[in-house]
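Residue numbers for the sequence shown follow the working numbering, beginning at 8 and rising by one.
Glycine included, each C-beta is placed from N, C-alpha and C at the ideal position.
I have placed the structure first, in the form of structure tokens, so that the comments after it can refer back to it.
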Amino acid sequence: MSPFRTDLFAGRVALLTGGGTGITRGIAEMLAAHGAETVLVSRKAEHVMSAATEIEQTFKRRSLGFAADVRQPESLEVAVAYAVKELGRLDILVNGAAGNFPCPSGDLTPNGFGTVIDIDAKGTFNACRAAYHAWMREHGGSILNISATLHYGGTPGQVHVAAAKAAVDALTRTLAVEWGPLGIRSNAIAPGPIGDTEGAKRLFPGEVGERIAAAVPIQRLGTIADIAALALFVLSDAGANLNGAIIPSDGGLSLRGIFDQAFTSRL
Ligand code: COA
Numbered sequence: 008m009s010p011f012r013t014d015l016f017a018g019r020v021a022l023l024t025g026g027g028t029g030i031t032r033g034i035a036e037m038l039a040a041h042g043a044e045t046v047l048v049s050r051k052a053e054h055v056m057s058a059a060t061e062i063e064q065t066f067k068r069r070s071l072g073f074a075a076d077v078r079q080p081e082s083l084e085v086a087v088a089y090a091v092k093e094l095g096r097l098d099i100l101v102n103g104a105a106g107n108f109p110c111p112s113g114d115l116t117p118n119g120f121g122t123v124i125d126i127d128a129k130g131t132f133n134a135c136r137a138a139y140h141a142w143m144r145e146h147g148g149s150i151l152n153i154s155a156t157l158h159y160g161g162t163p164g165q166v167h168v169a170a171a172k173a174a175v176d177a178l179t180r181t182l183a184v185e186w187g188p189l190g191i192r193s194n195a196i197a198p199g200p201i202g203d204t205e206g207a208k209r210l211f212p213g214e215v216g217e218r219i220a221a222a223v224p225i226q227r228l229g230t231i232a233d234i235a236a237l238a239l240f241v242l243s244d245a246g247a248n249l250n251g252a253i254i255p256s257d258g259g260l261s262l263r264g265i266f267d268q269a270f271t272s273r274l
């Protein structure tokens, strides 16, 4: 049972990159379940078209798929123009498209590093820029970027992702200040380990996931539903005073320090 009113986003239109799968798909479903019309953008046409059809059938709200690569600014401009043309407006942009694979830094090629920067950091900028010019500069709106917590410390094998998400955080804060006066809020959610995503199955399968869950202060991995509910709060009028916020949703995992076990054992 949702804690939010089911018509919370009635009359609003959201475009989500990476919307065909995982966390962003969960946010798209949550928005549709609360009245929003959605446009899902992903480079994989087969994912995004079937996801949009399923969302439309389940929630009885228009949902459109659009195949575009966030690394190509022009294709995002076309995607945003399509959203505005078909659904009449663009209130919400969720930047969820991301690349991630574990790789020791010494083995990562310059192109491997750059590919994740291109998808996460430049892709987020490209989508923000397209939404700004096509709609938000004139009408305001709300941008939600999906960041991470792994760059708060050092996470081995994630140098490319950490650098990219740090850039996403910087972009979130900068746009908050620069575009805030235009009625555009810019915020980010920083998920910790989310157990029910494809990425989690690859990055921390089975027992590794259990060990991570045991290290989380609330003793569990996050879920897509956790992130989707938080997204709804941030994007709704309940979050009207949030701008430039980067909100971790990780059960407190990123707060743990190297001394915590030693001190806990003395309590
Ligand atoms: N280990 C090391 N390097 C890798 C890699 C891996 N597992 N996967 C990709 N790369 C490198 C490639 O070697 C290539 O560099 P090179 O040309 O110097 O060899 C570069 O990254 C680009 O790879 P390519 O497969 O051509 O790019 P792509 O555009 O098809 O896909 C990703 C790149 C990042 C999207 C894809 O590899 C990926 O990780 N997909 C998963 C997305 C995901 O999990 N999203 C959820 C985020 S939490």
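Residue j beta carbon less than 8 Å from that of residue i
| i | j | result |
| --- | --- | --- |
| Gly258 | Pro224 | yes |
| Thr204 | Gly29 | yes |
| Leu178 | Ala169 | no |
| Ala247 | Ile34 | no |
| Ala122 | Gly103 | Here residue 122 turns out to be Thr, not Ala, going by the sequence shown. Going by C-beta atoms, Thr122 is not nearer than 8 Å to Gly103. |
| Cys110 | Gly164 | yes |
| Phe11 | Val48 | no |
| Ala171 | Ile124 | yes |
| Asp76 | Arg50 | yes |
| Asn133 | Leu83 | yes |
| Ala197 | Ile253 | yes |
Reference residue i; option with closest CA among the options
| i | options | result |
| --- | --- | --- |
| Gly199 | Met8, Pro255, His140 and Asn118 | Pro255 |
| Arg227 | Ala245, Asn248, Leu249 and Gly202 | Gly202 |
| His140 | Arg50, Gly251, Ile253 and Trp186 | Trp186 |
| Thr31 | Val85, Ala238, Ala269 and Leu260 | Ala238 |
| Gly229 | Thr60, Lys92 and Leu260 | Leu260 |
| Thr116 | Pro80, Val166 and Ser9 | Val166 |
| Thr271 | Asp233, Thr13 and Ala222 | Ala222 |
| Ala52 | Met37, Gly27 and His41 | Gly27 |
| Ile219 | Leu189, Arg263, Val241 and Asp233 | Arg263 |
Residue i - DSSP class collapsed to helix/strand/coil
| i | result |
| --- | --- |
| Pro117 | helix |
| Ile265 | coil |
| Ala195 | strand |
| Ser57 | helix |
| Phe240 | helix |
| Thr45 | strand |
| Gly103 | coil |
| Pro163 | coil |
| Val91 | helix |
| Leu133 | What sits at residue 133 in the sequence shown is Asn, not Leu. Helix. |
| Leu97 | coil |
| Ile231 | helix |
| Thr24 | strand |
| Gly216 | helix |
| Ile225 | coil |
| Ala17 | coil |
| Gly251 | coil |
| Gly29 | helix |
Cβ shell of residue i (< 6 Å), same chain only, five flanking positions each side left out
| i | result |
| --- | --- |
| Met143 | Ile191 |
| Ala43 | Phe16, Arg19 and Ala21 |
| Asn6 | In this structure the chain extends from 8 to 274, so residue 6 is not present and cannot be described. |
| Ser243 | Leu15 |
Nonlocal neighbours in the same chain, by C-beta distance under 7 Å from residue i, ignoring five residues either side
| i | result |
| --- | --- |
| Val175 | Asp127, Ala128, Thr131, Asn152, Ser154 and Ala195 |
| Glu63 | Arg69 and Ser70 |
| Ala39 | Thr45, Ile62, Phe66, Arg68 and Ser70 |
| His54 | Gly27 and Thr28 |
Residues near residue i by beta carbon distance below 8 Å, same chain, minus five either side
| i | result |
| --- | --- |
| Ala138 | Leu22, Val87, Leu97, Leu100, Gly148 and Ile150 |
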